[in-house]
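One structure below.
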Amino acid sequence: MLHVDTAKLVPMPANDIAPPVAALPKPAQQPFPQLIGLEITEATPGRVRATLAARNELCRSGGTLHGGAIMALADIVASCGAYLNLPEGAATTTIESKTNFIGAAKAGEPVFAEATPLHVGRRSSVWQTHVTRADGKLVALVIQTQMVI
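In terms of the working numbering, the sequence shown opens at residue 10 and continues consecutively.
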């Protein structure tokens, strides 16, 4: 059973307006998500969505998005979801992550991530993240475990 703490719900603006940094879940407010250009588009305890532009600085020599950038995107959205399910005063950290790379994302195109919980418990949560291209094709499937600390 998923516990929803309404105090941690993050209101998301209508249309394509990025939410103010203060409205983002704490993991998305860190410097690294901002450095890579990650944009959270939805954040609830049951689903977190984000976009990332596959700009040249994040791509490998073959003109495709680097696997590390894909993994970072998935880790950030899942950690935001885990954060939104935490009890008061707790924190979260990734303790395991597995990525299956399915397809490539070309430089200059956006990728989209959607993380949903497979399990939310008192000591850990398990999240599944689909990373897709604009045409809907799967780039990667990531499953990770977040520990409650």
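C-beta: ideal position from N, C-alpha, C; glycine also.
Treat the numbers as computed from the prediction; the structure is a model and nothing was measured.
Proximity to residue i [Cα-Cα], best of the options
| i | options | result |
| --- | --- | --- |
| isoleucine 152 | Glu123, Ala37, Pro96 | Glu123 |
| glutamate 66 | Val140, Lys115, Ala99, His139 | Lys115 |
| arginine 58 | Val135, Gly71, Ala83 | Ala83 |
Span separating the alpha-carbon of residue i from that of residue j
| i | j | result |
| --- | --- | --- |
| isoleucine 49 | arginine 64 | 17 Å |
| arginine 56 | alanine 87 | 9 Å |
| threonine 108 | glutamate 97 | 30 Å |
| methionine 156 | arginine 69 | 31 Å |
| alanine 37 | leucine 47 | 8 Å |
| proline 54 | leucine 93 | 5 Å |
| valine 30 | alanine 143 | Summary for valine 30: the model assigns pLDDT 47, below 50, so the residue's position carries little reliability; its value from the coordinates is reported in the next sentence. Those two C-alpha atoms are separated by around 25 Å. |
| alanine 99 | valine 140 | 28 Å |
| cysteine 89 | leucine 95 | 10 Å |
| proline 105 | serine 134 | Rather than proline, the amino acid found at residue 105 in this sequence is glutamate. Approximately 11 Å between the Cα atoms of the pair. |
| leucine 150 | glutamine 43 | 23 Å |
Supposed contact pair residue j and residue i - C-beta distance, whole angstroms, cut 8 Å
| i | j | result |
| --- | --- | --- |
| phenylalanine 45 | alanine 81 | Looking at the sequence itself, residue 45 is isoleucine, so the reference to phenylalanine does not match. Rounded, the Cβ-Cβ distance is 6 Å, consistent with contact. |
| threonine 60 | phenylalanine 121 | 5 Å |
| isoleucine 158 | threonine 101 | 7 Å |
| glutamine 137 | threonine 154 | About 11 Å; that fails the 8 Å criterion. |
| lysine 146 | glycine 112 | 5 Å |
CB of residue i within 8 Å of CB of residue j, strictly
| i | j | result |
| --- | --- | --- |
| valine 148 | isoleucine 85 | no |
| alanine 32 | proline 119 | no |
| alanine 52 | proline 34 | yes |
Point to revise | Cβ contact check for the stretch 126-134 and the stretch 58-76: 3 or more pairs under 8 Å | key: no
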